[in-house]
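Engineer: Here it is: the structure, laid out below.
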Amino acid sequence: MNQGDAIRNTILRLLGDITPEADLQSIKPDVSLRDQLDIDSMDFLNFVIALHKEFQVEIPEHEYPRLATLNGCVNYVVAAKQGLRQGT
Amino acid sequence: MADFVMPILGADMDSGTLIEWKKKPGDRVAKGEIIAVVETDKAAIEIEVFTNGVVQQFLVQPGETVPVGKVMAVIREEGEQAQPAAPPPIKPALMTTPSQPPAPAPPAVEAGRLKVSPSAKQLALEIGVDLALVRGTGPDGAITREDVHRAASLTHPSPSPVAVGEATGTRGEDKGEGRVSADRQARMRQTIAAAMTRSKREIPHYYLGTTIDMGRAMAWLKEENSKRPVTDRLLYGVLLIKAVALALREVPELNAVWKGTEPVQSDAIHIGVAISLRQGGLMAPALHHVDAQSLTELMRNLQDLVKRTRAGTLRGSELSDPTITVTNLGEQGVETVFGVIYPPQVALVGFGKVVDRPWVEAGQVVARPVVTATLSADHRVTDGHRGGLFLAALDRLLREPSQL
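Chains as they are written, first to last, in our numbering: chain A, 458 to 545; chain B, 2 to 405.
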């Protein structure tokens, strides 16, 4: 399993914690998570907090649009972690 | 001695079923502590005790359904001497068989080992799921109803179409999880229907609306959140709730409940927040003393309230205490809300979506984010003039977000 797959699986787990009733296997990776999972702003904020805690990445509010889809989340976390490594 | 009675937890609740006692006779209890879990048509609710003392005697056993107001337990208040316990009520079936040994006491609940919402515990009992095998996904790992459903789907074979047909038949002893969930949803729908029908039958509503320029509020929020770690960020809904609370200080007649034949104004501002449930339906539990909370406190308490509402771990006071309700349907794309007051409250405030609109300011047309705020109010208690003053105060407060 490469880094992207591992991150994707972790993100799916975090989404499952936010929306326990959702069928995570049916998530379309390039379609809005809000539209697919019927999550509201409180759910989304809790998801962002979970991403922050899980991956130790900072997520400014103006970056939220980049987290709109599953692929967007994966790409964001991968880039953020690479940035962390380059910064150390 | 103080009586602990079945509380009223909703406008049309007339009875509740005791799921479990959280204490046992002889235990010390403090005001605000959870003493029991009661099943209502909407959810299983943790019930607080409203006195300090020692549990003298339980008069109701788990599984019994009792009317609102019935004494369920006797609490010996601080300073009182212990009294011999009165004999337990004798059930008719036992009266004919006096030599029958007493039924064993219900097993003591080992609180703290597993964090399980009362609603989830009840569901697990109903559909036969071993909670020890369920992974909790609720607050702090608490097991929620959804977790139980998920565990059931893994451990029980999927019903065939024929079995589904059987499960929806009249065999009450063979409830499937879907049936239980459907039953709960149907009962919740009936409860909402009863409350809303009563509201429209008894409360002469009037409606007012105003469009509020949210430019300053949204800019302030963006700036504020840029300085906060993600864990402390605010949602704009918190500004709305706080502004409602402060506006109520100026028009306190709206912060009241109708009792008997007259309104009773509340000194405390407990705002019921409409929260949609994932399985359908909604609840509007209270955020207490909203006007006295900072935005940071309010945000944390709102997060906690939403989590617990959806996990089925609300407390009785959160259902019985609201003095007004706020509903925000902006996320569904709604621009204007015409709300139905939740009795016995006398007002409801609705908010729609924040949208960019042309706005005239100092003779210039500019684009502004605006929100439509509406007031549904009880004409027996206030009139349009007072309602208008409330909306004007709300408008003013949201234009000065740093003062919230």
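Ideal Cβ positions, reconstructed from N, Cα and C, are used throughout, including at glycine.
(1) With a threshold of 7 Å on Cβ separation, who are the neighbours of aspartate 52/B within its own chain once the five nearest residues in sequence on each side are excluded?
(2) When you compare only the Cα positions, how much space is there between methionine 215/B and asparagine 459/A?
(3) Any idea what DSSP makes of histidine 519/A, helix, strand or coil?
(4) For valine 6/B, which three-state DSSP category applies?
(5) Could you check if lysine 485/A is buried or exposed, using at least 16 other CB atoms within 10 Å of its CB as the buried criterion?
(6) Would a C-beta distance cut-off of 8 Å place leucine 278/B and leucine 288/B closer than the cut-off?
(7) Counting only beta-carbon separations shorter than 8 Å, does aspartate 305/B have a partner in chain A?
(8) In whole angstroms, what separates the C-alpha of leucine 527/A from that of alanine 536/A?
(9) From proline 103/B to serine 16/B, what does the alpha carbon distance come to, in whole angstroms?
(10) Return the residues of the segment 497–514 of chain A that lie within a Cβ-Cβ distance of less than 9 Å from chain B, sorted by chain order.
(11) Can you check whether the C-beta of leucine 236/B is within less than 8 Å of a C-beta belonging to chain A?
(12) Closer than 7 Å, Cβ to any Cβ of chain A: which residues of the segment 259–279 of chain B, in chain order?
(13) In the segment 323–340 of chain B, which residues sit with their C-beta less than 8 Å from some C-beta in chain A, listed in chain order?
(14) Do leucine 19/B and valine 69/B come within 8 Å of each other at the CB atom, strictly closer than that value?
(15) Do isoleucine 475/A and valine 534/A come within 8 Å of each other at the CB atom, strictly closer than that value?
(16) Determine the chain B residues that contact isoleucine 464/A at a beta-carbon separation under 7 Å, and present them in chain order.
(17) Does the Cβ of glycine 273/B have 16 or more other Cβ atoms within 10 Å, making it buried, or fewer, making it exposed?
(18) How do the segment 41–56 of chain B and the segment 317–333 of chain B stand: do at least 3 beta-carbon pairs fall below 8 Å, yes or no?
(19) Threonine 41/B versus chain D: which residues are under 8 Å apart at the beta carbon?
(20) Please name the residue in Pro517/A, Asp462/A and Asn466/A whose C-alpha comes closest to that of aspartate 233/B.
(21) Starting from the Cα of valine 350/B, find the closest Cα among Glu298/B, Leu236/B, Leu209/B and Leu235/B and give me that residue.
(22) At the level of alpha carbons, what is the spacing between valine 341/B and leucine 241/B?
(23) For proline 293/B and lysine 243/B, what's the separation of their Cα atoms in angstroms?
(24) Reducing DSSP to helix, strand and coil, say where arginine 14/B ends up.
(25) Would you mind stating whether tyrosine 237/B and histidine 380/B have Cβ atoms separated by less than 8 Å?
(26) If alanine 74/B sits next to valine 55/B, beta carbons under 8 Å apart, how far is it from one beta carbon to the other, in whole angstroms?
(27) Among Pro344/B, Arg136/B and Gly364/B, which has the Cα closest to the Cα of serine 377/B?
(28) For threonine 192/B and aspartate 184/B, what's the separation of their Cα atoms in angstroms?
(29) Cα-Cα, which of Val307/B, Glu362/B and Val382/B is closest to alanine 275/B?
(30) Keeping to the same chain, check which residues put their C-beta closer than 7 Å to that of glycine 281/B; ignore five residues upstream and five downstream.
(31) What in chain B is Cβ-close to isoleucine 516/A, meaning under 9 Å?
(32) Go through the segment 173–235 of chain B residue by residue and report every complete run of the beta strand (DSSP E) that reaches 3 residues or more, in order.
(33) Does the ligand ATP have a heavy atom nearer than 7 Å to the CB of methionine 215/B?
(34) With burial defined as no fewer than 16 other Cβ atoms inside 10 Å of the residue's Cβ, what is the status of phenylalanine 339/B: buried or exposed?
(35) Should lysine 32/B be flagged as near chain A, meaning a C-beta pair shorter than 8 Å?
(36) Could you name each continuous alpha helix (DSSP H) segment of 4 residues or more that falls completely within the segment 471–527 of chain A, going from the start of the chain to the end?
Structural biologist: Let me spell this out:
(1) Before going on, a small fix: residue 52/B reads as threonine here, not aspartate. Hits under 7 Å: Ala3, Lys32, Ile76 and Glu78.
(2) 45 Å
(3) helix
(4) strand
(5) exposed
(6) no
(7) no
(8) 14 Å
(9) Low local confidence applies: a pLDDT of 38 at proline 103/B is under 50, so the model's placement there is unreliable, with the coordinate-based value given in what follows. Rounded to whole angstroms, proline 103/B to serine 16/B spans 27 Å at the Cα level.
(10) Asp497, Ser498, Met499, Asp500, Leu502, Asn503, Val505, Ile506, Leu508, His509 and Lys510
(11) yes
(12) Arg279
(13) Glu332
(14) no
(15) no
(16) None at all; the shortest Cβ gap to chain B is about 18 Å.
(17) buried
(18) yes
(19) Included in the structure are the protein chains A and B, with no chain D among them.
(20) Pro517/A
(21) Leu209/B
(22) 19 Å
(23) Checking the sequence, you will find alanine at residue 293/B rather than proline. Their Cα atoms are separated by approximately 9 Å.
(24) According to the sequence as given, residue 14/B is methionine; it is not arginine. DSSP places methionine 14/B in coil when its eight states are reduced to three.
(25) no
(26) About 11 Å; that fails the 8 Å criterion.
(27) Pro344/B
(28) 12 Å
(29) Val307/B
(30) Gln186
(31) Val231
(32) 206–214
(33) As for the ligand ATP, it is missing from this structure, which has no ligand bound.
(34) exposed
(35) no
(36) 490–494 and 498–512
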